[in-house]
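In this note's numbering, the protein residues as written are 1261 to 1378. We put the beta carbon where it would ideally sit given N, CA and C, even for glycine. Encoded as structure tokens, the structure appears first; notes follow it.
Here is the structure:
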């Protein structure tokens, strides 16, 4: 039996692409089937709403701070879930990039970290 090799050409966009988002009304939808990396600049307090999540998969979200003391919260499919913070805090300082890595461990449970460059 020949070995099957999987390359980035054969896997979906949800593992190989980036999606530049726009914040509207505070909520930013993170559709796990659209991309691997999501980026946007904060314009107000942020609720990251996880959609179409896949257990065992991690996503990267990069938020550029606005400089207005905005806050960050999480939802899954528009409802509260369990979001376990491993480390780090969101920093809304102007032009600060917040690297957020989120891993889905259950249909409504996630673990995440937040970091910035030093």
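Beta-carbon proximity of residue i to residue j, cut-off 8 Å
i, j, result
"residue 1355", "residue 1377", "no"
"residue 1344", "residue 1309", "no"
"residue 1299", "residue 1280", "yes"
"residue 1314", "residue 1366", "no"
"residue 1358", "residue 1374", "yes"
"residue 1318", "residue 1363", "yes"
Buried or exposed (CB count within 10 angstroms, at least 16 for buried), residue i
i, result
"residue 1275", "exposed"
"residue 1349", "exposed"
Three-state class that DSSP yields for residue i in the structure shown
i, result
"residue 1376", "coil"
"residue 1363", "strand"
"residue 1342", "strand"
Nearest candidate by alpha-carbon position, reference residue i, set the options
i, options, result
"residue 1294", "1277, 1368, 1283", "1277"
"residue 1272", "1362, 1292, 1264, 1282", "1292"
"residue 1312", "1284, 1267, 1290, 1264", "1290"
- Message: Suppose only complete runs of 4+ residues qualify. What are the alpha helix (DSSP H) ranges in the region 1266 to 1336, listed by chain order?
- Response: 1273 to 1276
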